[in-house]
Amino acid sequence: MFVKIKTLGIGAFGEVCLAKKVDTNALYAMKTLRKKDVLLRNQVAHVKAERDILAEADNEWVVRLYYSFQDKDSLYFVMDYIPGGDMMSLLIRMGIFPEELALFYIAELTCAVESVHKMGFIHRDIKPDNILIDRDGHIKLTDFGLCTGFRWTPHSLVGTPNYIAPEVLLRTGKLSKM
Numbered sequence: 001m002f003v004k005i006k007t008l009g010i011g012a013f014g015e016v017c018l019a020k021k022v023d024t025n026a027l028y029a030m031k032t033l034r035k036k037d038v039l040l041r042n043q044v045a046h047v048k049a050e051r052d053i054l055a056e057a058d059n060e061w062v063v064r065l066y067y068s069f070q071d072k073d074s075l076y077f078v079m080d081y082i083p084g085g086d087m088m089s090l091l092i093r094m095g096i097f098p099e100e101l102a103l104f105y106i107a108e109l110t111c112a113v114e115s116v117h118k119m120g121f122i123h124r125d126i127k128p129d130n131i132l133i134d135r136d137g138h139i140k141l142t143d144f145g146l147c148t149g150f151r152w153t154p155h156s157l158v159g160t161p162n163y164i165a166p167e168v169l170l171r172t173g174k175l176s177k178m
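As numbered in the UniProt record's numbering, residues 1 to 178 make up the sequence shown, in order.
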């Protein structure tokens, strides 16, 4: 059993909270998804895919899933708690990254994305909110809800609108002619 300590973030289908496992006092991030919202938005396949990817991922660049379970109203994913927060919060605090730090995070993000590709998946929603920073300053990817296998086609339109290139949103450019 888990006890909620505080909310870490709120998303489209639920929230992520800091939770403590009662029998061990270990801290985790627990993502709670409202079944009603998952069904209404036709996201069942995405939620299952995210659970499967997190369960399969066994590398330093992806948050680890320890438990998944459900009750009448919600689905729960219990994952690594990454105490450094997300990159968006860090960007807001710092305003701008010094060049050395930007280069460091670009290199780490390249390694993280490559590790996901080696697992046979495409993340499709890389943005500062989905990049967590651990206590040593290294990154971990999270939120694989839009992830897909390499069966992707160039006509797939996914992602967070603020981070999608205008030519992709407008379906102009080279890929639109395919």
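Glycine is no exception: its CB is placed at the ideal position from the N, C-alpha and C atoms.
Residue i versus the options, residue with shortest Cα-Cα distance
{"i": "LEU18", "options": "MET94, THR7, SER115 and ALA45", "result": "THR7"}
{"i": "GLY11", "options": "TYR28, LEU27 and THR32", "result": "THR32"}
{"i": "TYR105", "options": "TYR81, ASP80 and TRP61", "result": "TRP61"}
{"i": "ALA102", "options": "LYS20, LYS118 and HIS138", "result": "HIS138"}
{"i": "ILE133", "options": "ILE5, LEU109 and ARG34", "result": "LEU109"}
{"i": "ASP143", "options": "LYS35, LEU91, ALA49 and GLU114", "result": "ALA49"}
CB contact flag (residue i, residue j, <9 Å)
{"i": "ASP37", "j": "MET1", "result": "no"}
{"i": "GLY145", "j": "ASP129", "result": "no"}
{"i": "MET119", "j": "MET79", "result": "no"}
{"i": "ARG64", "j": "LEU75", "result": "no"}
{"i": "PRO83", "j": "ARG135", "result": "yes"}
Residue i classed as buried or exposed, judged by whether at least 16 other C-beta atoms fall within 10 angstroms
{"i": "MET178", "result": "Note that MET178 scores a pLDDT of 49, beneath 50, so its modelled location is shaky; the value from the coordinates is reported in the next line. It counts as exposed."}
{"i": "TYR67", "result": "exposed"}
{"i": "ALA26", "result": "exposed"}
{"i": "GLY14", "result": "buried"}
Straight-line gap, residue i to residue j (C-alpha atoms, nearest Å)
{"i": "GLU99", "j": "ASP73", "result": "46 Å"}
{"i": "TYR28", "j": "LEU141", "result": "16 Å"}
{"i": "VAL116", "j": "ILE122", "result": "7 Å"}
{"i": "ASP58", "j": "LYS20", "result": "22 Å"}
{"i": "THR148", "j": "LYS127", "result": "16 Å"}
{"i": "GLN70", "j": "ARG34", "result": "10 Å"}
{"i": "HIS46", "j": "ILE131", "result": "19 Å"}
TODO: Taking only runs that begin and end inside the stretch 66-99, name each unbroken alpha helix (DSSP H) of 4 or more residues, in chain order.
DONE: Here the runs fully enclosed are 87-94.
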